[in-house]
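Notes follow once the structure below has been shown.
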């Protein structure tokens, strides 16, 4: 099947030439790229989160396939949804699903389900792809949309990803997430520091704990927990903050901002 774009013309430009020009504004020339296992990258409209997404994705040596996990903003579909076949159509070019890897992960997991409905209107996976295409050219994806659950479920899904990557495949694991939503800049920055601290500590349980304890409206905590669990299974021992900003830096409105963080796990 072909999955048509849901966010073109809204979160990012809807024509190929304009989109390429927009993405190139945010990409950096990085000489010594990190051989990353996992990445946390934001997914808002490009004028807001583009500088962070561009910086963090420019900093890593991307594999030919990227597993991209996003939260479910629409409420549609199954709670732990994966697509294993087809193409995603974008203004920047069609992007093929890596069916071999996707089916392997699905077969290894007790929780993931084949489901395209959760992906149909969801922007969090989609907005990452033009950056990957600009950096890598022809890239394949394994798209997942992940709902709220407990840490043991996230660890189980992470282990299913790691098992497939250990057995046969190679991929960069991308967790698509924004941070605090619609709070004053100073409060958002304080909360985001706590959430990102847990990510930098490679502590998925700690991330869930601070989110609940401090009421942090980080939308992609679920994919981030899975990315951390998978990365540790694959040998990750370090994490590095690449860039942090809030929407206030774009709009000039610091009374109500959204936070964006870019972190590399390796």
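Residue numbers (the numbering used here): 2 to 267.
Just so you know, even glycine gets a beta-carbon here, dropped at the ideal spot from N, CA and C.
In this text the structure is predicted, and so the values were computed from the model without any measurement.
Do you know offhand how far residue i's Cα is from residue j's?
| i | j | result |
| --- | --- | --- |
| residue 232 | residue 174 | 8 Å |
| residue 248 | residue 49 | 5 Å |
| residue 261 | residue 165 | 30 Å |
| residue 197 | residue 179 | 11 Å |
| residue 119 | residue 158 | 17 Å |
| residue 187 | residue 250 | 13 Å |
| residue 172 | residue 65 | 7 Å |
| residue 267 | residue 243 | 13 Å |
| residue 195 | residue 246 | 15 Å |
| residue 241 | residue 83 | 28 Å |
| residue 57 | residue 263 | 5 Å |
| residue 268 | residue 95 | The question about residue 268 has no answer, for the chain in this structure spans 2 to 267. |
Of the choices the options, whose alpha-carbon is the least far from that of residue i?
| i | options | result |
| --- | --- | --- |
| residue 19 | 225, 93, 184, 70 | 93 |
| residue 41 | 228, 132, 114, 205 | 228 |
| residue 133 | 29, 258, 208 | 29 |
| residue 218 | 161, 184, 171 | 184 |
| residue 122 | 109, 139, 145 | 145 |
| residue 257 | 181, 130, 73 | 181 |
| residue 34 | 141, 59, 95 | 59 |
| residue 161 | 112, 149, 124 | 112 |
| residue 67 | 54, 98, 202, 78 | 98 |
Checking the sheet assignment: what are the DSSP bridge partners for residue i?
| i | result |
| --- | --- |
| residue 144 | 69 |
| residue 261 | 246 |
| residue 176 | 41, 70 |
| residue 90 | According to DSSP, which records beta bridges pairwise, residue 90 is partnered with nothing at all. |
| residue 13 | 9 |
Using the rule of at least 16 other Cβ atoms within 10 Å of the residue's Cβ for burial, across every protein chain shown, is residue i buried or exposed?
| i | result |
| --- | --- |
| residue 116 | buried |
| residue 3 | exposed |
| residue 225 | buried |
Relative to the ligand FAD, is the shortest distance from any of its heavy atoms to the C-beta of residue i smaller than 7 Å?
| i | result |
| --- | --- |
| residue 241 | Ligands are entirely absent from the displayed structure, and the ligand FAD is therefore not among its contents. |
*What are the start and end residues of each continuous alpha helix (DSSP H) run of 4 or more residues lying completely inside the segment 22-59, in chain order?*
Whole alpha helix (DSSP H) segments, 4+ residues: 47-59.
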